[in-house]
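One structure below.
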Amino acid sequence: MPSKIGMEVSVAIGEAVRLANADVIAAYPITPQTHIVEHLAELVADGKLDAEFMPVESEHSAMSACLGSAAVGARTFTATAGQGLELMHEVLYIASSMRLPIVMTVVNRALSAPLSVWGDHSDAMAVRDTGWIQIFAENGQEVVDNVLCAFRIAEDRRVLLPVMVHLDGFHLSHMIEPILLPEQGEVDQFLPPNQYPLPLDPNKPVTMGDFGPPAIYTETKWAQEVNLRQAKEVILQVWNEFGDTFGRHYTPVECYRCEDCRVLLLTMGSFSETAMSAIDKMRSEGNDVGLIRLRLWRPFPFDEIRQAVRNAEVLIVLDRALSFGGPGGPVCSEIKSALYQSGRKLKIVGFVGGLGGRDISIAGFEEIINRGIEISEVGSPHEFEIFGVRE
Amino acid sequence: MAKKAIDVGRDLPPKIRQRHAVYAPRPVTTKENFAQGNRACVGCAEALAVRLVCKALGDNVIIAMATGCMEIVSSQLPYTSWRVPWIHTLFENTAAVASGFEAGLKAMSRKGRTRLENVKAVGMAGDGGTADIGLQALSGALERGHNFLYICFDNEAYMNTGIQRSSATPYGASTTTSPAGKVSIGQLTWKKNMPAIAVAHDIPYVATACPSYPLDLMDKVAKAVATDGPAYIHILSVCPTGWRCPTELSVRIGRLAVETGIFPLYEVENGQYKLNIDLPKLKPVTEYLSLQGRFRHLSDGVINKIQQRVTAEYAKLKEKAASSLVPAGSQKDS
Amino acid sequence: MTKSEDELTWKDLEIASIVTEPGSASKYKTGDWRSQRPTYKFKKCIKCGLCWIFCPQACIYQDDEGYFVADLYHCYGCGICAKECPTGVITMVEEGE
Amino acid sequence: MRAFESLQGRFYGDEEAIVIDTAQLVEIRWHGRGGQGAVTSAELLAQAAIYEDKYAQAFPSFGPERRGAPVQAFVRISHNQPIRNRAGVTQPDVVVVLDPGLLSIVDVTSGLKKNGIVVLNTTKQAEQIRQEFGISSALAMVDATTIARELLGVPITNTTMIGAVVRATELIKLESLFESVRRRFARLAERNIEAMKRAYEETVVEELAIDQIGR
Chain X
32 MPSKIGMEVS
42 VAIGEAVRLA
52 NADVIAAYPI
62 TPQTHIVEHL
72 AELVADGKLD
82 AEFMPVESEH
92 SAMSACLGSA
102 AVGARTFTAT
112 AGQGLELMHE
122 VLYIASSMRL
132 PIVMTVVNRA
142 LSAPLSVWGD
152 HSDAMAVRDT
162 GWIQIFAENG
172 QEVVDNVLCA
182 FRIAEDRRVL
192 LPVMVHLDGF
202 HLSHMIEPIL
212 LPEQGEVDQF
222 LPPNQYPLPL
232 DPNKPVTMGD
242 FGPPAIYTET
252 KWAQEVNLRQ
262 AKEVILQVWN
272 EFGDTFGRHY
282 TPVECYRCED
292 CRVLLLTMGS
302 FSETAMSAID
312 KMRSEGNDVG
322 LIRLRLWRPF
332 PFDEIRQAVR
342 NAEVLIVLDR
352 ALSFGGPGGP
362 VCSEIKSALY
372 QSGRKLKIVG
382 FVGGLGGRDI
392 SIAGFEEIIN
402 RGIEISEVGS
412 PHEFEIFGVR
422 E
Chain B
1152 MAKKAIDVGR
1162 DLPPKIRQRH
1172 AVYAPRPVTT
1182 KENFAQGNRA
1192 CVGCAEALAV
1202 RLVCKALGDN
1212 VIIAMATGCM
1222 EIVSSQLPYT
1232 SWRVPWIHTL
1242 FENTAAVASG
1252 FEAGLKAMSR
1262 KGRTRLENVK
1272 AVGMAGDGGT
1282 ADIGLQALSG
1292 ALERGHNFLY
1302 ICFDNEAYMN
1312 TGIQRSSATP
1322 YGASTTTSPA
1332 GKVSIGQLTW
1342 KKNMPAIAVA
1352 HDIPYVATAC
1362 PSYPLDLMDK
1372 VAKAVATDGP
1382 AYIHILSVCP
1392 TGWRCPTELS
1402 VRIGRLAVET
1412 GIFPLYEVEN
1422 GQYKLNIDLP
1432 KLKPVTEYLS
1442 LQGRFRHLSD
1452 GVINKIQQRV
1462 TAEYAKLKEK
1472 AASSLVPAGS
1482 QKDS
Chain R
261 MTKSEDELTW
271 KDLEIASIVT
281 EPGSASKYKT
291 GDWRSQRPTY
301 KFKKCIKCGL
311 CWIFCPQACI
321 YQDDEGYFVA
331 DLYHCYGCGI
341 CAKECPTGVI
351 TMVEEGE
Chain S
189 MRAFESLQGR
199 FYGDEEAIVI
209 DTAQLVEIRW
219 HGRGGQGAVT
229 SAELLAQAAI
239 YEDKYAQAFP
249 SFGPERRGAP
259 VQAFVRISHN
269 QPIRNRAGVT
279 QPDVVVVLDP
289 GLLSIVDVTS
299 GLKKNGIVVL
309 NTTKQAEQIR
319 QEFGISSALA
329 MVDATTIARE
339 LLGVPITNTT
349 MIGAVVRATE
359 LIKLESLFES
369 VRRRFARLAE
379 RNIEAMKRAY
389 EETVVEELAI
399 DQIGR
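Each protein sequence line maps, in turn, to chains X, B, R and S. Just so you know, the first sequence maps onto residues 32 to 422 in the working numbering. Just so you know, the second sequence maps onto residues 1152 to 1485 in the working numbering. Just so you know, the third sequence maps onto residues 261 to 357 in the working numbering. Just so you know, the fourth sequence maps onto residues 189 to 403 in the working numbering.
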């Protein structure tokens, strides 16, 4: 039986990619993603992972090399963060539109300027509509498990889509914490070899990445949309199977002490853990509050979200990204739009905080919840509140 | 289409292959891996270049092509001109994509996950996709030493979007973004020397070619395929639309580019230069310029300036070839 | 794929709209673009094949007698073959003449 | 007398007085300079705690790290509950100072809980430290530089100081560190282990008198 060992989450990601027996890793270093690719380079250099490690000259080329590698049927991994993800931006659409099952960990980082190497979700939100499956992890174990699940989901013939596993820069990537690495045999059972159905193969030539005139473009996009929505079924199946095999269960939306709560807080990523402690404290003090953690960001889990808030009266959403000049944080805005149609009379209060690596402490979450309740009662002239800004 | 199947030229003995004169054609495969029905402009020498390249590449290749004329004309849904595996993704990343095939196949082959062997990864792009927007990705892939071939089809401007200048547009050419006007001669910069940039990466094989010299072109492609490591071929491709010349002159103008010394045909093998067609006397550049509308506005003074530059550059190239000959010649023969 | 681009539904598309029939573009009739077409005086033909090798549409084939002839389904009438023929076999004439 | 009683997670000022309740969580802040291995110390301590089936986190002060510049690293150890807090450590129970020179340039006691302890690499006596730097909390002191010089041949005190921290807190068993140390240092592991053991033995813990502790 393997036991938990204390390791840096970035190193654990490298180990997960080793267990997945990836064929190609193409990556460009960027803080705070570096430890992932450094560890992978080391695994390849030590012969512990038989893969091609491509130290490319930019993130644009990293993702482009991944396209080529995935298109010949190789199991392909990369990792990036912040500006790197933005430099990849146009290539991300190609990966999803061309149905190439690439797995990428995104070590979430704020966007410049001013330059910030620290974490928030600005990078992730900017690639929201790229057609990738996107999962937000809360702790190191979740990242490891979801990297393995990501390969399985991406390469499933019913899916064939790239998958991003998001983890918070530094707060998660640089954390040494207990990680249980599955055994190779178990992983091999769970994750069969990649069998891309229509690879670039001289014995059976195909043309990929055609030119789509107006008469056909809409059809290609709708096919892609249907495919991504239907991928949710497979994601659930894979998570279930993973749970059955490894004993750790994942769902698109997780509720923490939110049964019949009047007030709910919704968070994404590793700050959810701190929020859980705040909920514990507030509950122990007799408050009627609970927490919703959103794990599956794309395809968006409409039903699960509606189900999770069915009895709530106030929903407070914390975004770690800012949609400039818009309705507030992107997550809050999506939640509002998902719930508008359900006809529920639910007050939704948006907060934006934790930008550029700014911590939110347990007390900070208490403050957010209390202020959120206050706004739900007395209203606010603003579309959303920014948390922790010095006036 | 042809009834008789003919042997592939590259299998002929070297003595026969030494002659590159156009008027001595020799057996060439009739297989067209770049199929009929491409939608390139009438008289497009770039389409001709792609056709000839494909003949020399053979079947055991995977091609990545950049956005551009040849991509648009060959892959309009639901059809394809390609009879070899081919992928287009973006404009500026072709070399990176091709390096991705190479890495993927290498790893899978080592791990027994593919039966494919000796598949050549090929990247193809125009001059914009190579010398401008794709230069970084190309430089990275060349420097990383992938076993791949990169071919630049140079028609000297962004033709796909309507004849905008690129860094490969020659001095004095009028394009839509370097128009000749009352106070401008058109393009104010000299053509970027892409082959020299490729050579600077210390890769084993660099060559220039032109479809007006089809056998030379195919020989070079075959050589590049056989090269272990990065190879770069720069092919001048006459564009009747953008160069404003009659469609039937595409091949002739390409030949004039070589005969005037404006686009010399040479190879650089492991750093050693070799002029493939070394003319005793260059034709005056006016013979080339005067056939093209893009140079119509040029004054004698500007033409003279171009002539001087061409003569000087050609002399430099000859010098490199001459100095390469001495020490490397004996090594190569052994 | 047998349907044209106007008839294909989203369900007809291969994954990622990959085209699986190699060289299917040869169905596309570039001959419709032609404003002039080649005519031949085969007496002068030396069957060197230069017209064949220089054709950007790869539309020239050898007939039973070994002469090189343009297939008018694909020939778009660029005139390169006529220009490059070393013995002057080919003359371009306006379509409709 | 131990500063922390590891099994029950209690801190004893003397035999009777419980000073810190460590049942929930102990937070440790390390002060060092870039290149001195403060992050490694934090990591090794957390790994040892995890090895003992405790819950632990270790993390650096986030951001670019430059050799020589003052840096921090953090450890959280929880005996029986998963650690659900990803915010930085602002009120540590324990502060560890690897480099004596830092005392004069960094306020190492910033945010230190009233009943916390400062673990110092120093040759000075407690009284001197208190006077010179105004540190009023409990102190644990060891001449780690000398130990490191003698046993490792270099004045790098990060592993040595772990011995002092374990002596001062008894949060984990010293032996629990050995596996991680061997994995990380290979050939040099045994010497590092020796240094830890010696620091453990030589560390002097200066408790506060009970009336000095603000309850």
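All C-beta atoms in this analysis are idealised placements derived from N, C-alpha and C, irrespective of residue type, glycine included. The structure presented is a predicted model; accordingly, all values stated were derived computationally and were not measured.
query	result
Closer than 8 Å to chain R by CB, Lys-35/X	no
Met-1487/B versus Ile-1386/B, Met-1310/B and Ala-1331/B, residue with shortest Cα-Cα distance	Because chain B in this structure spans residues 1152 to 1485, residue 1487/B falls outside the shown range and cannot be described.
Backbone secondary structure at Thr-210/S - three-state DSSP	For Thr-210/S, the pLDDT reaches just 49, beneath the cut-off of 50, and the residue's location in the model is therefore unreliable, although a value from the coordinates is still provided. Coil, per DSSP.
Partners in chain X for Gln-245/S, counting only beta-carbon separations shorter than 8 Å	Met-206, Ile-207 and Glu-208
Exposed unless 16 or more other CB atoms sit within 10 angstroms - verdict on Leu-80/X	buried
Spatial distance of Ser-373/X from Gly-321/X (CA atoms)	21 Å
Runs of beta strand (DSSP E) wholly within the region 1254-1304 of chain B (minimum 3 residues, chain order)	1271-1277
Listed by chain order, chain X residues near His-1239/B by CB distance under 9 Å	Thr-238, Met-239, Gly-240, Asp-241 and Phe-242
Sheet register partners of Arg-324/X (DSSP bridge)	Glu-285/X and Thr-298/X
Contact residues within the region 316-328 of chain R, judged by C-beta distance below 9 Å to chain X	none
Under the three-state DSSP convention, the category Ala-275/S falls into	coil
Span of the beta strand (DSSP E) around Asn-139/X	134-139
Close Cβ partners of Ser-407/X (< 6 Å) along its chain, the five nearest in sequence each way excluded	Val-345, Lys-378 and Val-380
Closer than 7 Å: Ala-1282/B CB and nearest the ligand NAD heavy atom	The ligand NAD is not part of this structure, which contains no ligands at all.
Cutoff 8 Å: Gly-45/X Cβ touching any chain B Cβ	no
Length of the line joining the Cα atoms of Cys-363/X and Met-299/X	11 Å
Supposed close pair Gly-276/S, Asp-390/X - CB separation, criterion 8 Å	5 Å
Contacting positions in the region 173-197 of chain X - beta carbon closer than 8 Å to chain R	Leu-191
Reduced DSSP secondary structure (H/G/I, E/B, other) of Asp-350/X	strand
Cutoff 8 Å: Ser-286/R Cβ touching any chain X Cβ	no
Pair within 8 Å by beta-carbon distance, Tyr-1465/B and Gly-1412/B	yes
Cutoff 8 Å: Met-156/X Cβ touching any chain R Cβ	no
Host alpha helix (DSSP H) of Ser-266/S (start-end)	Careful: Ser-266/S lies outside any alpha helix (DSSP H), inside the beta strand (DSSP E) at 258-266.
Cβ-Cβ distance between Leu-340/S and Asn-309/S below 8 Å	no
Coarse secondary structure for Thr-238/X, derived from DSSP in three states	strand
Extent of the continuous beta strand (DSSP E) to which Gly-381/X belongs	378-383
Short-range partners of chain S found in the region 379-391 of chain X, where Cβ spacing is below 9 Å	Gly-388, Asp-390 and Ile-391
Extent of the continuous alpha helix (DSSP H) run through Glu-117/X	113-118
Cβ contact (3+ pairs, closer than 8 Å) linking the region 365-373 of chain S and the region 316-335 of chain S	no
Inter-residue spacing [alpha-carbon to alpha-carbon] between Arg-188/X and Tyr-227/X	8 Å
Per-residue DSSP class, three states only, for Tyr-1309/B	strand
Min CB distance Phe-415/X to chain S below 8 Å	no
8 Å Cβ cutoff met for Gly-304/S and Ser-324/S	no
Alpha carbon of Val-1490/B to alpha carbon of Arg-1447/B, nearest angstrom	Absent from the model: residue 1490/B. The displayed extent of chain B is 1152 to 1485, so no value can be given.
Cβ of Trp-163/X within 8 Å of any chain S Cβ	no
Gly-395/X - containing alpha helix (DSSP H), residue span	393-409
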